[in-house]
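The next block holds one structure in the form of structure tokens; read it before the comments.
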Amino acid sequence: MAAKKSPFFDTATTLGKIVAFFGVSALCGVLAAGLMVPVASLAGSGATAGAEVFNALPASFKGEPIGQPSKIQASDGTTIATFYSENRQPVKLDEISPIMRKAIVAIEDERFYEHNGVDIRGIARAAVHNFTSSSQQGASTLTQQYVNNLLINADSVNGVDRSQMTISGSKDIADKAREAKLAISIEKEMTKDEILEGYLNLVLFSGRNYGIQAAAQRFYSIDAKDLNLQQSAMLAGMVQLPNAYNPETSPERSLKRRNTVLAAMLRTGAIDKKAYDKAVKSKLDPKPHHVKSGCIAADDAAYFCDYVTQLITTNAAYGKTKKDRENLLYRGGLTIKTTLDTKLNKKAAKDARKAIDPKANEDVFASLVSVEPKNGNIVTMAQNTTYAPKAEGKNGNTMYNFAVERSLGGAGGFQGGSTMKPYTTMAWLESGHHMYDKVNAATDKYPESFKWKASCLPRGYAVATGGWPVNNASAGFKRTMTADIGLYWSINTATVKEASMLDLCDISQAASRLGVVDQDNYKDLKTGEKTTVAQPISPSDPSFILGSANITPLAQASAFSTWANRGERCEPRALTSVTDATGNKYKVPPVSCEQVMSSQVAADMNGTMKKIATNRVSKGRVSGPIAGKTGTNNYASSTWFVGYSTGISTAAWVGRLEGKAGEKKNEMHGATINGKRAPWMVDSSTYAAPLWVDFMEEAVTEFERNSFGQAKSAPKPPPKPKSESKDDDKDSESSKPSKSSDSKSNDSKSNDSKSNDSKSDKSKDSSKDKSKGKSENNSSKPSKPKKDD
């Protein structure tokens, strides 16, 4: 049997090459330069060639910003959510406990303060150990490890993942040589303490937790400055194999590794025997705290959080491409300050869940969104669901944000029903009419031949294909009445009659001026070309005046806030400032307000909508002044109440998501909702208005409540001749319903908003909104309608 060859003399082994190199390096004069080891790695091709190759390696590289988490903050400075690809919270060296610094040096590089970046003695020791023992030792210094982490970070920023190479130890000779030369270069530029600080902020501890501060928070729920001996030893031991030495998944292995670190600290004089004996007997005793990344951890603010992330990742101000913007969000250390009121938002979410139990309903949901009229700040954006993929199999899970448009993570809006009627009223007033002007609401049929004026359309008019039979929710209102009474009782025939006397384009543009657009219309009205943003509601189908278009709750809350703000509309905003880790500030939309209607028009509309909110909805629960409008679409698949004070405007929506189209198969009338049978006639008063009242009862007290302005009064009639009978003094156009037979009004096929899905739908069952309560008209009182809408 051949004699076994000693590895010390076998030049085919790595150790043999290193030993052989000691002689060669002296001849090359490299030893004095501190570059012996890298050249040894290349000694197989000759010392001179090795030195040349090593000298050709770069001594510097383009560094990239260190990835840091971004955070979204509410208006009070509390953190809503944290975003990171690497959970890291950089700290200064004096913010890291001294014992932690000693622990990492003792276990990773005990000669750290003696070498110049590359430890020759350490490499020799590791080589001997690795070829005479079954276990392996590394010889990279802390400086080399710092370089390695800088390289990993740079590659990560540029889309290259090298982390597994480091964890698995699969780096080749070229990688190690490059690290060595860079380490020597860095040692010339940085102090030891600066290198140690950099290393402890960069190194991976577990999962996506990088740096000592994040690690201390993750495993002990304390700051790095407060780490004690045994905690420091455990964390220092993790950096060699972060996954293997995780105290949560491998407590026994982690404990053994911690004690190894304590032994190293004792051996190097970092601690004395007494401290060692006490620490080695202690338990790991972790107190873990996991900081989840993203909106999924934002609880009740998750949908607002999602909206904010959409604003960042779709805005070119934060990067040329979406990938760049996402990289900034997850690595840029952004501090994103927002308008959210966490207290009110929490209440909004609670009230939404109370109105519609997400666990008890398959396809009925609730949303509340609020803005401040004076500045457009979004203060709440909540719904009754849990922000999570529906695929998880639990009721009430969805990623859709019901409040906003599809391009920003929304559900694409919902039919507005009678909440659209105020826009016709607005156009009515702006055309020179008054709330006290009388309208012949007896007209209930508009033939296909009727030309609805629409100056913005190519032909200058629109037609209702197949004709349009218009019905009301309550009997007795097909008669002449004031515009005020028509809006107060939400009379379809009154609103349609007003529209027939106007330009439909003026109504569409009135809504658009207030920010209400059609979430299904992405074609420019004039050119017909496709657009990337939702366009104004097309007047080509007159039914839009009764709410057939899909609109968003945020748009409605913002639009109605214009009347609260005396005709001045403030663009809704969620961001107040965005700053990155370096202090660089990004532009955010400022408060942007514009007078879009006269204050008198706003006051006149407030005069009527104040009576709706006060008498028909709040009934004394919400402190005034308040105003608003009810709304229900066909078959009540979408119900609303949008109301406001001068300090806060809130849209409450309750309806279906999957079956949101106004069709009989989607009706909520008599459906099982919240585990019981809903009323035979569901409208805004069933769920949406009570939700609004529950929320606003407290919310209005948090904001100013001022006057809405003075509505114009009807001029006094001229004195009547003394000969006339007192009976002739009665107002035949008062709010009292007609006693004459009105078969169409009594027909169950009444509508509050007309679906435009097909010709047949125009004469089919429409929304069955009803009204109740008493009129504010002093001349006479209306009979009590069946339902409140």
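Everything in the sequence shown is counted per my numbering, starting at 628 for the first residue and increasing by one. Each residue gets a CB set at the ideal place from its N, CA and C atoms; glycine is no exception.
Counted within 10 angstroms of its Cβ, other Cβ atoms place residue i as buried (16 or more) or exposed
i	result
SER1312	buried
ARG1086	exposed
SER848	exposed
MET1128	exposed
ARG748	exposed
ASN1502	Since the first and last residues shown for the chain are 628 and 1416, residue 1502 lies out of range.
TYR740	exposed
ILE1112	buried
GLU875	exposed
GLY1194	buried
Residue from the options with nearest C-alpha to residue i
i	options	result
MET1232	PRO1000, SER1250 and ALA1191	ALA1191
TRP1319	PRO1049, ILE1172, GLY1258 and GLU806	GLY1258
ASN776	THR1206, VAL755, ASN1301 and ASP802	ASP802
PHE1330	THR1046, ASP968, SER920 and SER1135	ASP968
HIS917	ASN870, ALA841 and ARG958	ALA841
LYS1001	ASP899, ASN972 and GLU1221	GLU1221
MET1295	ASN743, ASN988 and THR962	ASN988
GLY1039	ALA1288, ASN1301 and TYR903	ALA1288
LEU1181	ALA925, PHE1268 and LYS1212	PHE1268
ALA733	GLY838, TYR1262, ARG885 and MET1026	ARG885
LEU995	ARG958, ASN1024 and ALA1279	ALA1279
THR962	GLN716, HIS1060 and GLU1156	GLN716
ILE1134	ASP1111, LYS1105 and LEU1173	LEU1173
SER1226	ALA1176, LYS901, PHE1335 and LEU856	PHE1335
ALA1030	GLY1023, ASN1024 and PHE1041	PHE1041
VAL1228	THR1051, LEU956, GLU814 and GLY1270	THR1051
ARG1248	ASP984, GLU1325 and PRO1346	GLU1325
PHE1077	PRO913, ASP1168 and ASP746	ASP1168
Own chain, CB closer than 7 Å to residue i, minus 5 neighbours either side, in chain order
i	result
THR1203	LYS964, THR965, THR966 and VAL1215
ALA1161	GLU1032, VAL1144, ASP1145, GLN1146, ASN1148 and TYR1149
CYS1132	ALA1081, SER1082, CYS1083 and PRO1166
SER1272	ALA1191, PRO1252, ILE1253, VAL1327, PHE1330 and ARG1332
LEU720	ASP820, LEU823 and GLU824
ALA902	LEU856
Beta-carbon gap between residue i and residue j smaller than 8 Å
i	j	result
ALA1102	TYR1073	no
PRO1166	CYS1083	yes
GLY960	SER697	yes
THR1122	LYS1048	yes
GLY1234	ALA1338	yes
ALA1240	ALA1230	no
THR768	GLY744	yes
PHE1187	ASP978	no
SER1185	VAL998	yes
LYS1256	THR1046	yes
GLY838	LEU827	yes
GLY921	ALA1201	no
TYR711	TYR957	yes
ALA1110	MET1062	yes
MET1026	ASN972	no
TYR1088	TRP1095	no
MET1236	GLU1057	no
Residues of its chain near residue i, where Cβ-Cβ distance is below 6 Å and the 5 sequence neighbours each way are ignored
i	result
SER1219	GLU1198
LEU854	SER724, MET727 and ALA843
THR1420	No statement about residue 1420 is possible, as the shown extent of the chain runs from 628 to 1416 and does not include it.
MET865	PHE832 and TYR872
ALA982	ALA993, TYR1314 and LEU1318
LEU882	LEU911
GLN695	ARG715, GLY960 and ALA1208
ASN1024	THR1013, ALA1015 and LYS1017
Residues near residue i in its chain [Cβ-Cβ closer than 8 Å; skip 5 each side]
i	result
LEU1035	TYR934, GLN937, LEU938, THR941 and ASN1028
GLU737	ALA891 and THR895
ILE923	ALA929, TYR1014 and ALA1015
ASP990	ARG1283, LEU1284, GLU1285 and GLY1286
ARG880	ALA871 and TYR872
Within-8 Å CB hit, residue i to chain D
i	result
MET1232	Among the protein chains of the structure shown there is no chain D, as only one such chain exists.
Self-check item: Every unbroken beta strand (DSSP E) inside the stretch 786 to 845 [3 residues or more]
Solution: 831 to 833
Self-check item: Unbroken stretches of the alpha helix (DSSP H), 4 residues or longer, contained in the stretch 932 to 1001
Solution: 949 to 958 and 969 to 982
Exercise. May I have a chain-ordered list of the alpha helix (DSSP H) segments no shorter than 4 residues that lie completely inside the stretch 1054 to 1119?
Key: Taking 4 residues as the minimum length, the alpha helix (DSSP H) runs contained wholly in the stretch 1054 to 1119 are 1110 to 1115, in order along the chain.
Practice problem: Could you tell me which uninterrupted alpha helix (DSSP H) segments, each at least 4 residues in length, are contained entirely in the stretch 1150 to 1221, listed from first to last along the chain? | Solution: 1180 to 1191
Quiz item: Whole alpha helix (DSSP H) runs in the stretch 1301 to 1336 with 4 or more residues, listed along the chain?
Solution: 1315 to 1326
Practice problem: Ignoring anything shorter than 3 residues or poking outside the stretch 844 to 891, list the beta strand (DSSP E) runs there in chain order. | Solution: Within the stretch 844 to 891, no complete beta strand (DSSP E) run reaches 3 residues.
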